Structures are given as structure tokens and as C-alpha cells.
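S.K.: Here the sequence shown is numbered in this note's numbering, starting from 1 and rising by one per residue. Idealized CB from N, CA, C, for every residue including glycine. Quick caveat: nothing in here was measured; it's all calculated off a predicted structure. I have a structure here, written as C-alpha cells, and I will follow up with some questions on it.
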Amino acid sequence: MKISVIGCGYLGAVHAASMAELGHDVIGIDVDPARIESLQQGIAPFHEPGFDALLQKNAPRLTFTTDMSAAGGATVHFVAVGTPQSADGSADMTYVNSAIEGLTPYLSEGDLVVGKSTVPVGTAERLSAKVTPTRALLMWNPEFLREGFAVEDTLSPDRLVYGVQEGKDGDTATAILDEVYAGILAKDTPRLVMNFATAELVKVAANSFLATKISFINAMAEIADVTGANVTQLADAIGYDTRIGRRFLNAGIGFGGGCLPKDIRGFVARAEELGVGEALSFLKDVDDINLRRRSRVVDVLAEELGDLSGKTIAVWGISFKPDSDDIRDSPALDIAESLARAGATVVSADPEGWKPAQDRIERAGLSASLTTTTDHRAAVTGADALVVATEWKVFQDEDPTTIGALMPGKLVVDGRNCLDSSSWKDAGFRYRGMGRA
Ligand code: NAD
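Shown next as C-alpha cells:
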């Protein structure tokens, strides 16, 4: 089948290559010429394990362009553009609206437009008024991929969710999307068909639940810190209860990235618009707890070192999670910036995130006090303290004795509770975890 994918970011570019892997002819369209140039050359414009190989393997069935008219020959059009946070917390729909506007002149009768972006409930219903006059069909098919596992999650998702317009058109749209995803459905992947509103809500509900779980354990970390309890042991103990489960119960500096923070804020804003803001007021606490984690690290350092001005601090981690170069709303980068603003000299190390961070640090006017490197050992050389802010495996596997020999200050703040605390203590470090000593 001929497929277009509009928006070639973390979601769209991986989706385009994955659709080619399923055997389709795919045209990826984006307004960013540099991104398109890179993709067209088979070079991933961001770090995502396995994505370069997928791009290169499927090059014969993959084309990228900035020209929307190229969507004209395709039958199925995935919309995967960004929905960032607006100043008031709601989702900014500018890109989705303009993508649909740009696409409609090229739609033909019987085409299927499939929304993948995360959108406020009610969006698909609103957009169907724009799409249906072309006699094309609209569906909403939210995406649940995790950065760092994007290829695997796209090709082998836990489930597929189809949001359809009720009635005959819904059945036709379902049949077309089933054909697109035949290779995935053949693996017995659960596929749930529901109305537009439910499909839109599934996505934000899933992210809200995950965010709540993380903030719950971080709230327990706050209590653990003042009582001498150990939040990791607490999480292990409650996690054995299968009703609770151990995943997403790792206390630390909280969640970030291009999805969870903006999705819970957008959900709250939409609920308020709908007059049911009270139903989601707890998500504001979830957000507050999460943001407090970032200042907690700065507070711990100040407790240990006193005035941070003039201190040299190494931060391991820049991207919001390991195996990604995504720095959107990254707790690690936020913490590094706060330390630099407090007068410290900060060296942040990250295997991938160092590159996109350059621009943001420069725009923040912090280049003089916050530098980045890929070399985490160079970062600690001469440092008074080390903060572990992103749990890359290379950091977790590091030998504390080797690191101790490079640092005059023997203080490690484990922002992800990902180090073996006893080996760091044995190497002479003062160890401060998040909700555990
Ligand atoms: P992104 O910022 O990486 O990519 C968005 C892309 O859309 C950019 O390349 C941008 O240039 C392009 N774009 C903007 N306007 C356009 C237009 N009119 N025509 C063509 N291209 C246009 O964002 P992302 O992380 O890929 O997220 C995209 C959507 O998917 C968001 O709604 C997000 O919430 C959702 N989502 C993301 C993830 C994830 O892990 N990144 C997971 C699930 C869902």
C-alpha cells in the first residue's frame, strides 16, 4: 500500500520506516528541510536504537520530502506532527491544524487519514468536519511508543487502538488500517476499536496513570527522607503485590521528556474547558511533586556543600532518559542549569544528549558556567560532587574507585537511585540517594 507520514519527528520518522518494514511504499513529509535531508540520506536525525539500521534496510521503499503534494498518490496518511505545550498549559494544536489543512487538497475519495499525535479529546470530531468533504475517512490511532524502544514498540506494540467514527465508515476505516498493520496483527496483537473520544482519552489516561505512579513513589521518597525509611525497599515490598506491580515505582528526580509533562498539563486544561476540572485536580499535585524532585537535588547539594557558588559539579546525564538524545523538559538538564544559576561550574556528560543541549544552554546564557561532554570521566575530573541524573548503563557500570581517584570531593548524589550505594560508600564516597541513604 502507498502510505504518507506527515511529521517526521521521534514518532513519525520511526513510524514511516516501520511501515516500510511492513512492506509498504512510504513517503515521509516534514516542514523541516534539514530533517528531511538527513532522513533521505538514511541518517537518523536523532538517537534511537535500531532506527538507522531500519532506515537503511528499507531505503528502497522510503522517500522523504518537504513537499506536501507528494501525499497525493498515497491511500493512507498518518498525521504525526508535534502537539507541544502552549503557554497556558493546553496542547498547542497549530501543527495538527496546519498539517490537516495542507493535506486536504491532496486527499481523494476513499483515502484514510490516521491521526497519531496526542490530542485533546474532541479533536478528531472537530477535524472530521474538514476531512469528510474530501470523501476521505478519518481515524485516531494513538501511539504508545517509548523513546529508546521506539522501533520495537512500533513494530510489536502491546496493543493497537483504533478511534473511529461510529457507523459504516468506521468499519471501512478499520478494514483499511487492518490491512496496513497486517504484519503486526498477525502476531496476535490486541486491537481495540472504539469511538474518537475514547481513543483520544486512552492515550492521555495512560500517560496520566504512569505519571501518577512515578509521583506516588516520589511522594513516598519525600516521607522516607524525613523518617529514615528506604524508598527502594518500600517499592520492592509493595511492588510484589500484583495489584500494584514494581514497574514505574523507581523514586528519583522524576519524569520529563516531550510527552508525560505536557500531556498531563494538556489533559488538565482540557478537563477545565469541559467544566470537569475537579476530576483531574490531582494531576496538578502529580506535576508539583514531580517538579519538586528537581529542586531536591539542588537542596541536597547545598546541605552537603553549603554555598554552591564557586563549586565544581559534574552531572552525569542530559537527556530525559537513557538511550535517547531527547532533552525536552529533561530533569537532568534543568538541574544542571539550576546549579549553574546558583554559581557553580557545571560539567554535564551524556553519550547523546550533549549535542542538542548546546543550543538550549547558549540561549539560556549559561555557556560560561555549564559545559557538556560525552566523556563522563572527564566531567568528574576536579569536581566537588557528582550528580547522577540519567541512568545510562555506562554510568551505572562505572567503577567508583576509578571515579574517586579523579574527584577531590567524595560526594555522589544518586538522582535515579541507580547506583550500588554500598560500593560507592566502600570507595570512600558520601552517598545521597533520593529517599534512601
Ligand atoms: P517531534 O517534535 O519530534 O516531531 C514533530 C515533527 O512534526 C517535527 O519534525 C516538525 O518539523 C513536524 N511538523 C510540524 N508541523 C508540520 C506540518 N505542518 N507538516 C509536516 N510536518 C510538520 O515530536 P514527536 O515526539 O514525534 O511527537 C509527535 C506527536 O506524537 C506528539 O503529539 C506527541 O505527543 C506524540 N507522541 C510522541 C511520542 C514520543 O515518544 N516522542 C510517543 C507517543 C506519542
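Could you tell me if residue 374 is buried or exposed, where buried requires 16 or more neighbouring beta carbons within 10 angstroms of its beta carbon?
M.R.: By the neighbour-count rule (16 or more Cβ atoms within 10 Å), residue 374 is not buried but exposed.
S.K.: I need the boundaries of the beta strand (DSSP E) containing residue 160, first residue and last residue.
M.R.: Residue 160 -> beta strand (DSSP E) spans 160 to 164.
S.K.: Taking 9 Å as the threshold (C-beta atoms), are residue 222 and residue 435 in contact?
M.R.: Contact: yes.
S.K.: I need the DSSP call for residue 25, collapsed to helix, strand or coil.
M.R.: Three-state result, residue 25: strand.
S.K.: Report back the beta-carbon spacing between residue 357 and residue 339 to the nearest angstrom; my notes put them in contact at under 8 Å.
M.R.: About 14 Å separates the two Cβ atoms, so there is no contact after all.
S.K.: Going by C-alpha to C-alpha distance, which of 96, 49 and 60 sits closest to residue 20?
M.R.: Of the listed residues, the one whose Cα sits closest to residue 20 is 60.
S.K.: Look at the alpha carbon of residue 290 and the alpha carbon of residue 255, and state the distance between them as a whole number of angstroms.
M.R.: Taking the straight line joining both Cα atoms gives about 7 Å.
S.K.: For a test of your reading of the model: does the CB of residue 81 fall under 8 Å from any non-hydrogen atom of the ligand NAD? Yes or no.
M.R.: For the ligand NAD, at least one heavy atom lies less than 8 Å from the Cβ of residue 81.
S.K.: Relative to the ligand NAD, is the shortest distance from any of its heavy atoms to the C-beta of residue 10 smaller than 8 Å?
M.R.: Residue 10: yes, Cβ under 8 Å from the ligand NAD.
S.K.: Less than 9 Å between the C-beta atoms of residue 193 and residue 212, yes or no?
M.R.: For residue 193 and residue 212, no; Cβs fall outside 9 Å.
S.K.: How is residue 328 classed by DSSP in three states: helix, strand or coil?
M.R.: The answer is coil: DSSP assigns residue 328 none of H, G, I, E or B.
S.K.: List the endpoints of the continuous beta strand (DSSP E) containing residue 93.
M.R.: Looking at the DSSP string, residue 93 is not in any beta strand (DSSP E), and its letter there is neither H nor E.
S.K.: Can you tell me the Cα-Cα spacing of residue 123 and residue 209, whole angstroms?
M.R.: Their Cα atoms are separated by approximately 21 Å.
S.K.: Which of helix, strand or coil does DSSP assign to residue 290?
M.R.: Three-state DSSP puts residue 290 in a helix.
S.K.: Residue range of the alpha helix (DSSP H) that residue 212 falls in?
M.R.: Where residue 212 is concerned, the enclosing alpha helix (DSSP H) stretches over 196 to 227.
S.K.: What first and last residue would you give for the alpha helix (DSSP H) that runs through residue 422?
M.R.: Looking at the DSSP string, the run of the alpha helix (DSSP H) that includes residue 422 is 421 to 426.
S.K.: Whole alpha helix (DSSP H) runs in the region 300 to 370 with 4 or more residues, listed along the chain?
M.R.: Qualifying alpha helix (DSSP H) stretches, in chain order: 331 to 341 and 354 to 363.
S.K.: According to DSSP, is residue 103 helix, strand or coil?
M.R.: Of the three classes helix, strand and coil, the one that applies to residue 103 here is helix, per DSSP.
S.K.: Any idea if residue 138 is buried or exposed, counting beta-carbon neighbours within 10 angstroms, 16 or more meaning buried?
M.R.: Counting Cβ neighbours within 10 Å, residue 138 comes out buried, since at least 16 surround it.
S.K.: Of all the options 106, 118 and 398, which has the alpha carbon lying nearest to the alpha carbon of residue 95?
M.R.: Ranking the options by Cα distance to residue 95, first place goes to 118.
S.K.: Here's the rule: buried if 16 or more other CB atoms are within 10 angstroms of the residue's CB, otherwise exposed. What is residue 226?
M.R.: Result: exposed.
S.K.: Any heavy atom of the ligand NAD closer than 8 Å to the Cβ of residue 29?
M.R.: Under cutoff, so the answer is yes.
S.K.: Return yes when the C-beta of residue 105 is under 8 Å from any heavy atom of the ligand MN, and no when it is not.
M.R.: Of the ligands one can find in the structure shown, namely the ligand NAD, none is the ligand MN.
S.K.: Could you check whether the Cβ of residue 262 sits closer than 8 Å to any heavy atom belonging to the ligand NAD?
M.R.: Answer for residue 262: yes, Cβ within range of the ligand NAD.
S.K.: For residue 359, which option in 386, 292 and 328 has the closest C-alpha, if you only look at C-alpha atoms?
M.R.: The candidate whose alpha carbon is nearest that of residue 359 is 328.
S.K.: What does DSSP give as the partner residues of residue 85 in its beta bridges?
M.R.: Looking at the DSSP assignment, residue 85 forms a beta bridge with 91.
S.K.: Quick one, are the C-beta atoms of residue 100 and residue 113 less than 9 Å apart?
M.R.: In contact: residue 100 and residue 113 (Cβ atoms closer than 9 Å).
S.K.: How many angstroms separate the CA atom of residue 146 from the CA atom of residue 377?
M.R.: Their backbone Cα atoms lie some 29 Å apart in a straight line.
S.K.: So, at 6 Å on beta carbons, what are the nonlocal neighbours of residue 150 in its own chain, with the 5 sequence-adjacent residues on each side left out?
M.R.: Same-chain partners within the cutoff: 14 and 48.
S.K.: Name the two residues that bound the continuous alpha helix (DSSP H) containing residue 385.
M.R.: Note, residue 385: premise wrong, no alpha helix (DSSP H); beta strand (DSSP E) at 385 to 388.
S.K.: Does the distance between the C-beta of residue 70 and the nearest non-hydrogen atom of the ligand NAD fall short of 8 Å?
M.R.: For the ligand NAD, not one heavy atom lies less than 8 Å from the Cβ of residue 70.
S.K.: Excluding the 5 residues flanking residue 370 on each side, which residues of the same chain have their C-beta closer than 7 Å to its C-beta?
M.R.: These residues qualify, in order along the chain: 336, 337, 340, 346, 348 and 361.
S.K.: Using the rule of at least 16 other Cβ atoms within 10 Å of the residue's Cβ for burial, across every protein chain shown, is residue 165 buried or exposed?
M.R.: Residue 165 is buried by the Cβ-count criterion.
S.K.: Buried or exposed for residue 326, going by 16 or more other Cβ atoms inside 10 Å?
M.R.: Counting Cβ neighbours within 10 Å, residue 326 comes out buried, since at least 16 surround it.
S.K.: Where are the alpha helix (DSSP H) runs, 4 residues long or more, that stay fully inside the region 5 to 75, in chain order?
M.R.: If we require 4 residues or more, the alpha helix (DSSP H) runs fully inside the region 5 to 75 come out as 10 to 21, 33 to 40 and 51 to 57.
S.K.: Among the residues of its own chain, which have a CB less than 6 Å from the CB of residue 231, if the five just before and after it don't count?
M.R.: 220, 221, 224, 251, 435 and 436, listed in sequence order.
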